[in-house]
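Chemist:
Residue numbers (the numbering used here), protein chains in the order written: chain A, 104 to 216; chain B, 8 to 121.
#1: Is residue 114 of chain A helix, strand or coil when you go by DSSP?
#2: Compare the C-beta of residue 68 of chain B against all C-beta atoms of chain A and say whether one is closer than 8 Å.
#3: Give every residue of the same chain whose Cβ lies closer than 6 Å to the Cβ of residue 137 of chain A, excluding the five residues on either side of it in the sequence, and list them in chain order.
#4: With distances taken from CA atoms, which of B:47, B:55, B:118 is nearest residue 85 of chain B?
#5: So, residue 207 of chain A versus residue 49 of chain B, is the Cβ gap smaller than 8 Å?
#6: Alpha carbon to alpha carbon, how far is residue 179 of chain A from residue 102 of chain A? Give it in angstroms, no decimals.
#7: Starting from residue 210 of chain A, follow the beta strand (DSSP E) in both directions and report where the run begins and ends.
#8: At which residues does the beta strand (DSSP E) containing residue 60 of chain B begin and terminate?
#9: Chain B partners of residue 110 of chain A, CB-CB under 7 Å?
#10: Going by CA-CA distance only, name the one from B:120, B:32, B:98 that's closest to residue 53 of chain B.
#11: In the structure shown, what three-state DSSP assignment does residue 155 of chain A receive?
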């Protein structure tokens, strides 16, 4: 059957608190970054993206921060809800290489009611 | 609603028996991808099509093949599935040329190999 997977880093957060999920990317040439949310048994769902000419971008309840100096990306979720429980993946891409992105390891977010 | 559709959602096959997974899209996107995702791991790109232009990842085994007969459909063929091929297979699309490097994923097909 399927090989045993790695243990995902897990973040446990109380409902209503803010969550911060971190990601270190590897390629200095990457200029496009995306956060995906993947619920159990479903495909990844786009949350928010950011390009390298920005260091912050906000969406509805979510904020992405980009620090190119240290190649670090974070996703902040305000007022975390039980429906936010999922695995979150960051992905990096290069607009010169058009379509391809590379996914990071993933972080499992558990929201405690 | 425009979407990425994968059939079947669950597929059981026997060791060594060829299997085909299908993906269709109503987004009219010019790029389609196949990913393999194993438990608690990130999706791993197998190959992608830019229109009819096929792009294979260097480490994708020869056991995996793909076909894209038209814009809407893409197939993943596993010629001789092994136990190690049991995984979730994700199809995604994107629209190159717009701002849209964003990839939109289907719900996945979970493959079991007996």
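Beta carbons are placed, not taken as given, at the ideal position from N, Cα and C, and that holds for glycine.
Remember, predicted model here, so these are calculated numbers, not experimental data.
Modeler: Taking the definition as stated:
#1: Three-state result, residue 114 of chain A: strand.
#2: It does not; no Cβ of chain A falls within 8 Å.
#3: Close CB contacts of residue 137 of chain A within its chain, under the 6 Å cut and outside five residues either way in sequence, are with 152, 194 (chain order).
#4: Of B:47, B:55, B:118, the residue nearest in Cα terms is B:118.
#5: For residue 207 of chain A and residue 49 of chain B, yes; Cβs fall inside 8 Å.
#6: Beyond the ends of chain A as shown, which are 104 and 216, falls residue 102 of chain A; an answer cannot be given.
#7: 210 to 215 is the extent of the beta strand (DSSP E) around residue 210 of chain A.
#8: Where residue 60 of chain B is concerned, the enclosing beta strand (DSSP E) stretches over 60 to 63.
#9: What residue 110 of chain A touches in chain B: 47.
#10: The residue from B:120, B:32, B:98 with its alpha-carbon nearest to that of residue 53 of chain B is B:98.
#11: In this structure, DSSP gives residue 155 of chain A a state outside helix and strand, which the three-state scheme calls coil.
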